[in-house]
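Student: Sequential numbering of the sequence shown, starting at 5, is according to the working numbering. Note that CB positions come from ideal geometry on N, CA and C, so glycine has one too.
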Amino acid sequence: MKPPSFEYHVPGDVGEAVGMLADLGDDAKAIAGGQSLVPMLALRLAAPEHLVDLRRLDGLRRVEESDGSVRIGACTTQAAIQRSATVARAVPLLARATPLIGHFQIRNRGTIGGSLAHADAAAEYPAVALALDARMETVSPRGERTIPADRFFTGLWSTALDDDELLTAVTFPAWHGRSGFAIEEFARRAGDFAIAGAAVAVELDGDDRIRRCGIGLFGLGSTALRSAAAEAAATGRALAEVDAEELGRTAMADLDSVPSDLHASADYRAHVGAAVLAQAWRRAAREAEHA
5 MKPPSFEYHV PGDVGEAVGM LADLGDDAKA IAGGQSLVPM LALRLAAPEH
55 LVDLRRLDGL RRVEESDGSV RIGACTTQAA IQRSATVARA VPLLARATPL
105 IGHFQIRNRG TIGGSLAHAD AAAEYPAVAL ALDARMETVS PRGERTIPAD
155 RFFTGLWSTA LDDDELLTAV TFPAWHGRSG FAIEEFARRA GDFAIAGAAV
205 AVELDGDDRI RRCGIGLFGL GSTALRSAAA EAAATGRALA EVDAEELGRT
255 AMADLDSVPS DLHASADYRA HVGAAVLAQA WRRAAREAEH A
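Structure representation (C-alpha cells):
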C-alpha cells in the first residue's frame, strides 16, 4: 500500500520544529529515520496530515559523556551508537543491544529517539532504558522537562510525550565497579522483532552480594516492562544464592498479561521470556563476578 497524502516540513532547528508541532497540533508527526513510521504510513496504521522531518537538526546527533552519565542526542543513529567507543565503554548494555536491531540498513537510518518515542513493545532500546534508569529530555513551547524511563512508556506505541513535545536526548547513568550486562532475545529470524527478550544489569559489592540490578523485558506486554519482582528477589542476596531459572519464573509470574498473537501464544511467550531472562542473568552475573 501507499501512504496517505501529507504535507512535508523540514525545520532548521529545534525551536522551529517545536513551533511546528505546536501549531499543527495532533495532525502532525515528527519523523527522524522513519524506520518505524514509514511502514506504519504504508499500512495506513498512521495517517498524519503533516510530517515534521528532523533530519536537519544536527545538534541532536551527539554522544557526550560527563558527570558519570552518557547523553545521546535523539537523532543519533543506531549505527553511530554501535560504532561509539564511549557507549561501548560506559553503557555496554546499550552497545550490546544495538546489533540486535533489525539489519544494518535499518540501523544506518534508525535513531535512538525514534525507537524510544515509537515505544514498540518488542524493541530493545526501551527495555535497556528501563533497566538502566535512563532519563528522557524533552522540549515544548512550555520549556524543557526530564522524564524518567519508568514514566515514559505508557502503552502500545504510546509515551508520555505531549503532541507539541519533542524528544531531544536520552541520558544513561554509567554503572561502575563490579558490574555485568547482558541482553538476550528469541526471534524466529535474525532481524525480526523478538518474541521475548530481557536486558539485565547487575552490580556486586566486595562480598559478591547483589548491590543493585536492573531487568528490562520486551515482547512480553503492551510496552517494554521493568521486572520489579525479579529485581527485588535478587537484590541484597549473595550471587551464589540466586537461581537464574527461578528468577525467570518470578518475573513471568508478576506480569499482568502476556500477549498472544499469530507469532506465539501467551504461554509460549512467557516460557521463552523466563528462559531468555535466566540466560541473560547468568551472563551478566558472570561478567560482574569477574570484573
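My assumption, with CB atoms under 8 Å, is that A288 sits in contact with G184. Please give the rounded CB distance.
Tutor: Sequence index remark: in the sequence shown, residue 288 carries index 284 (1-based). Sequence index remark: in the sequence shown, residue 184 carries index 180 (1-based). That pair is a contact at about 4 Å.
Student: According to DSSP, is A205 helix, strand or coil?
Tutor: Your numbering for residue 205 matches position 201 in the sequence shown. Here A205 sits in strand by DSSP.
Student: DSSP has F10 in a bridge; who is on the other side?
Tutor: Residue numbering aside, residue 10 sits at position 6 when the sequence shown is read from its first letter. Per DSSP, none; premise fails for F10.
Student: If contact is defined by three or more beta carbon pairs under 8 Å, each pair taking one atom from either stretch, is the stretch 64 to 78 in contact with the stretch 87 to 95?
Tutor: The stretch 87 to 95 is in contact with the stretch 64 to 78.
Student: Where does E20 sit, in a helix, a strand or coil, going by DSSP?
Tutor: For this step, residue 20 is matched to residue 16 along the sequence shown. Three-state DSSP puts E20 in a helix.
Student: Check this for me: beta carbons of I116 and V56, under 8 Å apart or not?
Tutor: In the sequence shown, the residue the question calls residue 116 occupies position 112. In the sequence shown, the residue the question calls residue 56 occupies position 52. No, the pair does not count as a contact, with Cβ atoms beyond the cut-off.
Student: Measuring alpha carbon to alpha carbon, tell me which residue in A233, A242 and G240 is nearest L251.
Tutor: Your numbering for residue 251 matches position 247 in the sequence shown. When only C-alpha atoms are compared, the closest one is A233.
Student: Assign F108 to one of two classes, buried (16 or more other C-beta atoms within 10 Å of its C-beta) or exposed (fewer than that).
Tutor: Reading the sequence shown from its first residue, position 104 is the one you call residue 108. F108 comes out exposed.
Student: Report the three-state DSSP secondary structure of L120 (helix, strand or coil).
Tutor: For the purposes of this step, residue 120 is taken as residue 116 along the sequence shown, with counting starting at 1. Reduced to three states, the DSSP call for L120 is helix.
Student: How many whole angstroms separate the CB atoms of A257 and S264, which I take to be in contact at a CB cut-off of 8 Å?
Tutor: Working through the sequence shown from its first residue, we reach residue 257 at position 253. Working through the sequence shown from its first residue, we reach residue 264 at position 260. Incorrect: roughly 17 Å between the Cβ atoms, too far for contact.
Student: Apart from the five residues just before and just after R100, which ones in its own chain have a Cβ nearer than 6 Å to its Cβ?
Tutor: Residue 100 sits at position 96 when you count from the first residue of the sequence shown. Taken in chain order, the residues that qualify are I187.
Student: Tell me, to the nearest whole angstrom, how far the beta carbon of R230 is from that of G240; I am working on the premise that it is less than 8 Å.
Tutor: The count along the sequence shown starts at 1 and reaches residue 230 at position 226. The count along the sequence shown starts at 1 and reaches residue 240 at position 236. That pair is no contact at about 18 Å.
Student: Can you tell me whether D168 is buried or exposed, with buried defined as 16 or more other CB within 10 angstroms of its CB?
Tutor: What you label residue 168 is simply residue 164 of the sequence shown in a count that begins at 1. With 16 or more other Cβ atoms within 10 Å, it is buried.
Student: For R111, count neighbouring C-beta atoms within 10 Å of its own C-beta (all shown protein chains included) and say buried if the count is 16 or more, exposed if not.
Tutor: Position 107 of the sequence shown, counted from the first residue, corresponds to residue 111. Burial call: buried.
Student: In the structure shown, what three-state DSSP assignment does D57 receive?
Tutor: Numbered from 1 along the sequence shown, position 53 holds the residue referred to as residue 57. Three-state result, D57: strand.
Student: Can you list, in chain order, the residues of its chain whose CB lies under 8 Å from that of W161, leaving out five sequence neighbours each side?
Tutor: Residue 161 sits at position 157 when you count from the first residue of the sequence shown. Hits under 8 Å: H122, A123 and D124.
Student: What did DSSP end up calling R75 once you bin it into helix, strand or coil?
Tutor: Counted from its first residue, the sequence shown places residue 75 at position 71. Looking at R75 - three-state DSSP - the assignment turns out to be strand.
Student: Could you tell me which of A228, A36, Q283 and A89 sits nearest to R253, measuring between CA atoms?
Tutor: Locating residue 253 in the sequence shown gives position 249, where the first residue counts as 1. Taking only the C-alpha atoms, the option nearest R253 is Q283.
Student: With a Cβ-Cβ cutoff of 8 Å, do E69 and T90 count as a contact?
Tutor: For this step, residue 69 is matched to residue 65 along the sequence shown. For this step, residue 90 is matched to residue 86 along the sequence shown. Yes, they are a contact pair.
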